[in-house]
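Heads up, the sequence shown is in my numbering, so the first residue is 173 and it goes up one at a time.
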Amino acid sequence: MNLQHDLERERIYWLHKQPAPVSAVERMALDWLGRSGMEGKALRVGERAPGFRLPDQSGALVSLESRLALGPVVLLFFRGHWCPFCSLTLRSYQKAAPRFAALRSPLLAISPQGAVANGESSQRLGTSFPLLSDVGSHVNRAYGLAYDLPAGLRALFEGEYATPLPEINSDGGWTLPLPATYVIGQDGMVLYAHVDVDFRRRQDPEELLAWLGARYADVGARGSL
173 MNLQHDLERE RIYWLHKQPA PVSAVERMAL DWLGRSGMEG KALRVGERAP GFRLPDQSGA
233 LVSLESRLAL GPVVLLFFRG HWCPFCSLTL RSYQKAAPRF AALRSPLLAI SPQGAVANGE
293 SSQRLGTSFP LLSDVGSHVN RAYGLAYDLP AGLRALFEGE YATPLPEINS DGGWTLPLPA
353 TYVIGQDGMV LYAHVDVDFR RRQDPEELLA WLGARYADVG ARGSL
């Protein structure tokens, strides 16, 4: 599976499927996010990653600290099960999960949606790694990724998308994260960061696996990171 190919195919599909006014609002929203400077405010390489303890899709609490005990954590921030680009990304990482495990790099994914929605996502996509619920977007904000949808996009979600985001997120709010991918070292420092205001662009797991493989060629000899 080539994630970039699938993302581009999905982008073209929606470009042709959506009415022109809807596409225009999305373009304005992306322009607005670009002008906001949010990418520059997100957590960067060399900074300490905020810790967290969140429920996964089964309700069990998972902490960043507990996963870092296993190795450098690959941390994915996604918008929700309603986002086809998020689903493609999670499915792609699931297919690559055994290879991340071989590098002792556990996968975690965080979204603002509730545990029920994450459970539906996990069942539909067959994910074996935790999908964590950041209800209220506290972790998203700590990583500098959270933003509140402008009125134009809220109208799209309520009408054209038929996606009741405040219900899905279980907090009554209209907050989403910028999609992002981080690698957190065992010392809690950010080793790798990919953040993009365009929700249609994501970090390819193949590129990340190559980066991890080059950095930690001798997995057995690796100590604390």
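Heads up, the beta-carbon is just placed ideally off N, CA and C, and yes, glycines get one too.
- Judged by DSSP in its simplified three-state form, V311 adopts helix.
- For D320, the number of other beta carbons within 10 angstroms of its own is below 16, and it is reported as exposed.
- Taking 8 angstroms as the upper bound for CB-CB distance, G357 and P244 are in contact here, some 5 angstroms apart.
- In the DSSP assignment, T261 falls within the alpha helix (DSSP H) that extends over P256 to A274.
- In the three-state reduction of the DSSP assignment, H366 falls in the strand class.
- If you draw a straight line from the Cα of T347 to the Cα of A268, it is about 29 angstroms long.
- Exclusion of the five residues before and after Q176 leaves D376 as the residues of its chain whose Cβ lies within less than 6 angstroms of its Cβ.
- Following the DSSP letters along the chain, one finds D178 inside the alpha helix (DSSP H) bounded by residues L175 to K189.
- Here the alpha carbons of Y315 and L215 stand approximately 5 angstroms from one another.
- Around the beta carbon of P349, 16 or more other beta carbons lie within 10 angstroms, which makes this residue buried.
- Of the residues assessed, G206 falls on the exposed side of the cut-off, its CB having fewer than 16 other CB atoms within 10 angstroms.
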